[in-house]
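Take 1 as the starting number for the sequence shown in the UniProt record's numbering and just add one per residue. Step one of this worksheet: look at the structure below.
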Amino acid sequence: MLKRMTAKRSVPEAKSTSLAALIAAHGAGEPGVSAKPPGYTTNVVAYRCIRMIAEAASSVPLRTMSAGGPVSDGALARLLAQPSPDQSGRELLEEVYAYLQTHGNAYVERLDYGDDPRALFLLHPGSIEQAEGGYRHRMKRGERLFRPDAAGRMALLHLSLWQPGEGKSGHAPLATASDAIRLHNAACAWNKQLLDNAARPSGALVHRGPEGAQHLTPEQFDRLRSELDDSFTGLRGAGRPLLLDGGLDWKPMGLTPAEMDFQNLKDSAARDIALAFGVPPMLLGIKGDNTYANYREANLAFWRQTVLPLVAKVAGALSGWLDPGRSTWAEPDTGAVEALAPERSARLDRIASAEFLTDAEKRIALGFSAQPEAY
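Written as structure tokens, this is what we have:
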């Protein structure tokens, strides 16, 4: 660890020095590591899916709990709210969720002072590799090894999306969607070429020379093709009249509607990309998907099937890592999720109208104490 503390230093000085050293070690990034996976930067559907998942998941508050109830000022609560001087808890978690979608792995480093965790930092997945008994972190200057201490605790938390036969390494949805991303990009590129050429090959220029000169010489052919490309193709040449010399004949032609229809192919690839990430295509405005009756149902399915399981997974891993004794733990506060408000309202109405329940049982079912607190 990057903790170099002497007995002469006070606790605040030691903490400040260690944090500064760790921030400096992480600030410049790692050599040879691509921070922008190609599918994320070049495909609009993949980009939007990743942003939707990361932003939605990080918007779910993590509530710190103990056996006695919610904890508002414990060490775990403070660390999740402000993991480092330069980053809020929501910002760190947004990066964690995004890395899980793009790389299948996320690595969080813990800075301790004594037995107490003081700060959390996210490491780029491309800079971490598995080593014997731990992990190796490649940096600009050398490398660091993370191994469990005598108590079995490690200063590095590895979060991953399961993949068979690869040890602890995870598999990213972005990798699964790679074929669909390439197909979607190819359809977009093809449509762009059609647009550049007015969505059709305008025609064919036929040479009808006199007897003995039916064919153009290579020099004449290259010159004619160059003049056509320069003056009569692309957006600049659309609709420009063509002046023909003797022996040249213009034959109009075009593509059939079926040959020009790449929109269905593009939408099909977009649906496959959304499927890999667990985002209902309806939320992305993709045509042809009728799985859900309306937008609200699709949005609810997105939260229930994709966002909340991911948040619960990360919250559980962070809790066990930061507080191995499990005296406190973090859990998603679903009551603060606006998208789930209709479900909460319907549940409240069902419990309130249940005549076979007593008032105390209704309060317990809603998460309150059996009797109101006296003030």
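All C-beta atoms in this analysis are idealised placements derived from N, C-alpha and C, irrespective of residue type, glycine included.
Reduced DSSP category for residue i - H, G, I as helix; E, B as strand; rest coil
| i | result |
| --- | --- |
| I50 | helix |
| T6 | Note that T6 scores 34 on pLDDT, short of 50, meaning its location in the model is unreliable and no value can be drawn from it. |
| G320 | helix |
| E355 | coil |
| K362 | helix |
| P332 | strand |
| G367 | coil |
| H103 | coil |
| residue 382 | With the chain running from 1 to 375 in the structure shown, residue 382 is simply not present. |
| S84 | strand |
| P70 | strand |
| P372 | coil |
| D116 | strand |
| G29 | Legend: pLDDT at G29 = 47, less than 50; position of this residue unreliable, no value from coordinates given. |
| L79 | helix |
| G167 | coil |
| D349 | helix |
| A14 | Because the pLDDT of A14 is 38, which lies under 50, any placement of that residue in the model is unreliable, and the number read from its coordinates should be weighed accordingly. In the structure shown, A14 sits in a helix (DSSP, three-state: H, G or I). |
| A57 | helix |
| residue 376 | Since the first and last residues shown for the chain are 1 and 375, residue 376 lies out of range. |
| G89 | helix |
| A150 | coil |
| V337 | coil |
| D230 | helix |
| K313 | helix |
| P218 | helix |
| Y97 | helix |
| G126 | helix |
| L308 | helix |
| L174 | helix |
| P342 | helix |
| P281 | helix |
Sheet register partners of residue i (DSSP bridge)
| i | result |
| --- | --- |
| H131 | One point to set straight first is that residue 131 is Ala, not His, in the sequence displayed. According to DSSP, A131 bridges with G134. |
| L156 | E109 |
| M139 | M139 is not bridged to any residue. |
| R144 | H137 |
| T64 | A330 |
Proximity to residue i [Cα-Cα], best of the options
| i | options | result |
| --- | --- | --- |
| A346 | L366, E361, A330 and S72 | L366 |
| L174 | I53, A336 and A330 | I53 |
| A293 | I286, W303 and M282 | M282 |
| I181 | A274, S72 and L76 | A274 |
| T41 | A119, P218, G288 and S178 | S178 |
| A155 | A352, T328, L318 and K287 | L318 |
| R304 | E338, I364, K266 and D323 | E338 |
| L157 | E132, G167, V96 and D196 | V96 |
| T328 | G39, E55 and A75 | A75 |
| R326 | A67, R147, R344 and L122 | A67 |
| W321 | A151, Y99 and E91 | A151 |
| F262 | N185, R344, N299 and G335 | N185 |
| A131 | D323, P148, L122 and M65 | P148 |
| F121 | S268, E94, E129 and T358 | E94 |
| Y107 | S88, G288 and I128 | I128 |
| R110 | A46, D323, A276 and E361 | D323 |
| E55 | P342, A370, P280 and V307 | V307 |
| P342 | A301, L159 and A330 | A301 |
| V71 | G126, D333 and R271 | D333 |
| Q163 | G142, P125, G104 and T64 | G104 |
| residue 382 | P83, D86 and Y99 | With the chain covering 1 to 375 only, the question about residue 382 has no answer from this structure. |
| T176 | G39, D229 and L284 | G39 |
| G288 | G278, A269 and A276 | A269 |
| G89 | V44, S169, R350 and A330 | A330 |
| C49 | F368, D112 and N299 | N299 |
Cβ of residue i within 8 Å of any chain C Cβ
| i | result |
| --- | --- |
| A354 | Absent here is chain C; the protein component of the structure consists of one chain. |
Range of the contiguous alpha helix (DSSP H) that encloses residue i
| i | result |
| --- | --- |
| A178 | Per the sequence presented here, residue 178 reads as Ser, with Ala not at that position. Unbroken alpha helix (DSSP H) run through S178: S178 to D196. |
| F302 | Y295 to F302 |
| D267 | Q263 to F277 |
| T42 | P38 to T42 |
- Is the region 45 to 61 in contact with the region 307 to 323, if contact means three or more CB pairs nearer than 8 Å? In short, these stretches touch, since the Cβ pair count reaches three.
- Message: Across the region 73 to 91 and the region 108 to 119, are there enough close Cβ pairs to call them in contact, namely three or more that are closer than 8 Å?
- Response: Under the three-pair Cβ rule at 8 Å, the region 73 to 91 counts as touching the region 108 to 119.
- Counting Cβ pairs, one atom from each stretch, are 3 or more of them under 8 Å apart for the region 128 to 141 and the region 181 to 196? Under the three-pair Cβ rule at 8 Å, the region 128 to 141 does not count as touching the region 181 to 196.
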